[in-house]
Every structure is written in structure tokens, then in C-alpha cells.
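Enquirer: So in our numbering, the last one in the sequence shown is 786, and the numbering has no gaps at all. All residues carry an ideal CB built from backbone N, CA and C; glycine is no exception.
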Amino acid sequence: MQERDITTQSSTVEEWTQALAESTGSPGGGAGTGVMLAVAASLVSMVAGYTDAADGRQGTVDSIRARARTLRQEALRLADEDSAASRAFGAAFRLEPGPERDEAVRGASVEAAKASAVLGDHAIAAFDDLAWLATHGNKALIADVVVAFGALRAAVAGARTNVSFDLASLRSTGASLEQIRDQQPDLWAAVEKLTEAMDRIDRLTAAIDHRAAPTDAT
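(1) Would you kindly work out how many angstroms separate the C-alpha atoms of ASP650 and GLY624, rounded to a whole number?
(2) From what residue to what residue does the alpha helix (DSSP H) around ILE632 run?
(3) Would you decide whether HIS778 is buried or exposed? Buried here means 16 or more other CB atoms lie within 10 Å of its CB.
(4) Mind the definition here: the segment 723-743 touches the segment 663-683 only if three or more C-beta pairs lie below 8 Å; say whether that holds.
(5) Considering only residues of the same chain and omitting the five flanking positions on each side of ILE748, which have a CB-CB separation below 6 Å?
(6) Compare the C-alpha of ALA743 against each of THR619, VAL673, THR576, GLU583 and name the closest.
(7) Is there contact between the segment 625-638 and the segment 589-598, where contact requires at least three CB pairs shorter than 8 Å?
(8) Taking the alpha carbon of PHE657 as the point to measure from, which residue in SER684, ARG637, GLU642, ALA636 has its own alpha carbon closest?
(9) Over what stretch of residues does the alpha helix (DSSP H) that includes GLN586 continue unbroken?
(10) Please work out which residues of its chain come closer than 7 Å, Cβ to Cβ, to GLY602, disregarding the five sequence neighbours upstream and downstream, and give them in chain order.
(11) How long is the line joining the alpha carbons of GLY600 and ARG721, rounded to whole angstroms?
(12) CA-CA distance, ALA609 and THR619?
(13) Can you tell me whether ALA773 is buried or exposed? The criterion is at least 16 other CB atoms within 10 Å of its CB, across all chains shown.
(14) Return the residue from the list ALA691, GLU764, ALA681, GLN586 that minimises the CA-CA distance to ASP754.
(15) Suppose you measure from the CA of ALA716 to the CA of ALA765; what does that come to, to the nearest Å?
(16) Start and end of the alpha helix (DSSP H) containing PRO753?
(17) Within 10 angstroms of its Cβ, does GLN570 collect 16 or more other Cβ (buried), or is it exposed?
(18) Around the Cβ of GLY666, are there at least 16 other Cβ atoms within 10 angstroms (buried) or fewer (exposed)?
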């Protein structure tokens with residue numbers, strides 16, 4: 569009897585996290601990044617749903633919630649795609665040294681980096697909606713906003729690290745970091761963009777943390 573695939577769509581949280589706990593790499597950190605983004609999106613949707621859209625802001629709130637719901641589904645889909653990419657990545661590195669292995673590693677590394685970069689782009693796109701809720705959202709849910717920022721930062725950090733690591737894996741084929749930067753300029757730039765996004769999240773979280781955790785101010 570064939571064992572069923574463990575995916576974010578067909579498995580319970582218990583089953584999925586158990587699979588993540590195994591030493592298989594599929595799902596791995598990249599898939600975990602997608603799940604963290606889904607958590608952030610879910611919290612954005614929740615806070616938006618509790619927000620009173622005064623002063624003609626109903627359209628803004630509705631748009632934020634719609635984007636968050638779409639993002640939650642997309643993030644889980646990307647998490648499952650990353651699991652498949654992780655299998656290809658691991659298989660490439662298990663090949664015997666030689667031209668065939670180098671070609672497989674190049675393909676798997678670039679595809680894995682691209683998948684993480686896409687996740688990172690989605691995470692960055694969610695920043696403005698969450699920032700809007702930090703200012704205009706239901707004030708009673710500011711703690712949930714900060715938790716959402718934590719999940720979003722985890723997603724951004726995970727995407728950044730995975731893109732960088734996957735690019736650096738190309739060194740096993742004989743390429744230098746300088747050559748990799750020249751050959752993959754968009755992916756190289758994605759790492760810098762994600763690093764900047766982490767800094768933006770840190771600044772905004774620091775600015776509102778006193779509202780979410782007032783006991784620290786005593």
C-alpha cells in the first residue's frame with residue numbers, strides 16, 4: 569500500500585509537523601517558511617475582520633481581508649511546491665560526482681532559489697496591509713498584529729536564507745560567488761531585498777511593541 573503524501577492541503581497539523589520533524593528534508597525549512605507566511609496571512613484576515621471600517625474605510629478593510637485570504641491559500645500551495653523542490657535538491661546532491669551531478673545540482677539549486685524568492689515576494693507584498701492594520705486596525709488586537717509581524721518576519725527570513733543558501737550551493741559545481749552573482753543577478757538581488765524587508769519589519773514591530781506588551785514598559 570502506497571503511503572499518502574503529506575501536504576498542507578491534505579494533512580492535519582499534527583501529521584504535517586510530524587513529517588517536518590523527520591530527517592527527510594521534505595517538508596523542510598522552505599516549506600516551513602510557506603506555513604509561517606500562511607499564519608501571518610491568517611492573522612491579517614482575522615484582524616481585518618474585527619476592524620470597524622469607519623470613515624469610509626470599508627473598501628480598504630475588505631481589500632486587505634481578500635488579499636490575506638488569497639495569500640493564505642497561495643502560501644500553503646507554495647509550501648507544498650517547496651517540499652517537491654527539496655526532494656529534487658536532495659536527489660541531485662546524492663548523485664555520483666561528475667558532469668551529470670553538476671548539471672543536476674545547478675538545476676535543482678536555481679529552481680529551489682526561485683521558489684524561495686517567490687515566497688519572499690509574497691511576504692514582502694503583505695507588509696503594507698499589516699502596517700495599515702497596526703495603525704488603523706482594531707486596537708484590542710494589536711497583540712495579534714505583532715504576532716503576525718513575527719510570523720511574517722520568519723517567512724521573510726526563511727526566504728532570504730534559503731535563496732542565499734541555494735545560490736551558494738552552486739559552488740559545489742565549481743562556480744565562485746562572484747560568478748554566481750553575475751549568472752543569477754535577480755536571485756542575488758532578491759537576497760538584498762529580503763534583508764531590507766526584515767529591517768522594515770523590525771522597525772515597525774519595535775514602534776508598536778509597547779502597545780502589545782505594556783508590561784515591558786514598567
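Expert: A quick look at the data gives this:
(1) 40 Å
(2) 626-661
(3) exposed
(4) yes
(5) LEU735, LEU738
(6) VAL673
(7) no
(8) SER684
(9) 581-589
(10) ALA643, LEU644, LEU646, ALA647, ASP650, LEU687
(11) 13 Å
(12) 15 Å
(13) In the sequence on display, residue 773 carries Thr and not Ala. Its Cβ being crowded by 16 or more others within 10 Å, THR773 is buried.
(14) ALA681
(15) 15 Å
(16) 753-780
(17) Confidence is the limiting factor: at GLN570 the pLDDT is only 37, short of 50, which leaves the residue's position unreliable and the question unanswerable from this model.
(18) exposed
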